[in-house]
Amino acid sequence: QVQLVESGGGLVQPGGSLRLSCAASGSIFSIYAMNWYRQAPGKQRELVASITSGGTIDYADSVKGRFTISRDPIASDNAKRTAYLQMNSMTPEETAIYYCSASYGGYWGQGHQVTVSS
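Taken in order, the sequence shown gives residues 163 to 280; the numbers are from the working numbering.
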């Protein structure tokens, strides 16, 4: 089992920046990728960014050049690993609930509301 706890999120002005964090614990060695998804009102959940255990990174076309996914090294006690999503130049259309996921939907965080508004 893997537990994912998110932090960050909130209100940001258009053009502003925000960083989300996702702390994974439990069977972290079973995780082959950390992902960020988002779901805007009335829309399907979409994959925003991914980083695999081998370090391969991928982004949705809509966020390339503005969002950055990263992760800390595995903690020395092998108990936790944290991933991040740095979001820059945000637009109101990116208002959504942002979810952290492990292994492409195998596990989910609780989701955090991100609102881009002036």
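Cβ atoms here follow ideal geometry from the backbone N, Cα and C, with glycine treated the same way.
Since the model is a prediction, treat every value here as computed from it, not as a measurement.
Original post:
Going by the CB atoms, is the gap between Ile-231 and Ser-215 shorter than 9 Å?
Top reply: Locating residue 215 in the sequence shown gives position 53, counting from the first residue. Locating residue 231 in the sequence shown gives position 69, counting from the first residue. Contact flag unset, no.
Original post:
Going along the chain, which unbroken runs of the beta strand (DSSP E) with 3 or more residues stay wholly within the segment 225-259?
Top reply: DSSP runs (the beta strand (DSSP E)) wholly in the segment 225-259: 229-233, 242-249.
Original post:
Does the segment 176-192 come within contact of the segment 243-263, defined as at least 3 CB pairs closer than 8 Å?
Top reply: Yes, the segment 176-192 is in contact with the segment 243-263.
**OP:** Could you tell me how far apart the beta carbons of Gln-175 and Ser-280 are, in whole angstroms, since I believe they sit closer than 8 Å?
**Re:** Stepping through the sequence shown from its first residue, residue 175 is reached at position 13. Stepping through the sequence shown from its first residue, residue 280 is reached at position 118. Contact between Gln-175 and Ser-280 holds, since their C-beta atoms are separated by about 5 Å, short of 8 Å.
Subject >> Residue from Leu-173, Lys-226, Asp-234, Val-278 with nearest C-alpha to Met-196 >> reply: Here residue 196 refers to the residue found at position 34 of the sequence shown. Per the C-alpha coordinates, the member of Leu-173, Lys-226, Asp-234, Val-278 positioned closest to Met-196 is Asp-234.
Original post:
Secondary structure at Ile-193, three-state DSSP: helix, strand or coil?
Top reply: In the sequence shown, counting from the first residue as 1, residue 193 sits at position 31. Annotated three-state conformation of Ile-193 is coil, per DSSP.
Subject >> Where the beta strand (DSSP E) containing Tyr-221 begins and where it ends >> reply: Here residue 221 refers to the residue found at position 59 of the sequence shown. For Tyr-221, the enclosing beta strand (DSSP E) begins and ends at 219-221.
Subject >> Residue burial classification, Glu-168 (beta-carbon count within 10 angstroms, cutoff 16) >> reply: What you label residue 168 is simply residue 6 of the sequence shown in a count that begins at 1. Classification for Glu-168: buried.
Original post:
What is the residue span of the beta strand (DSSP E) that Ser-187 lies within?
Top reply: Here the question's residue 187 lines up with position 25 in the sequence shown. Counting along the chain, the beta strand (DSSP E) containing Ser-187 begins and ends at 180-188.
**OP:** Figure out for me which residue from Phe-191, Ser-179, Tyr-199 has the closest Cα to the Cα of Tyr-266.
**Re:** Indexing the sequence shown from 1 puts residue 266 at position 104. The closest CA to that of Tyr-266, considering only Phe-191, Ser-179, Tyr-199, is found on Tyr-199.
Original post:
Cα separation between Val-210 and Val-225?
Top reply: For the purposes of this step, residue 210 is identified with residue 48 of the sequence shown, where counting begins at 1. For the purposes of this step, residue 225 is identified with residue 63 of the sequence shown, where counting begins at 1. Going from the Cα of Val-210 to the Cα of Val-225 covers about 7 Å.
Subject >> In DSSP terms, what Tyr-199 is bridged to >> reply: Taking the first residue of the sequence shown as position 1, residue 199 is located at position 37. According to DSSP, Tyr-199 bridges with Leu-209, Tyr-261.
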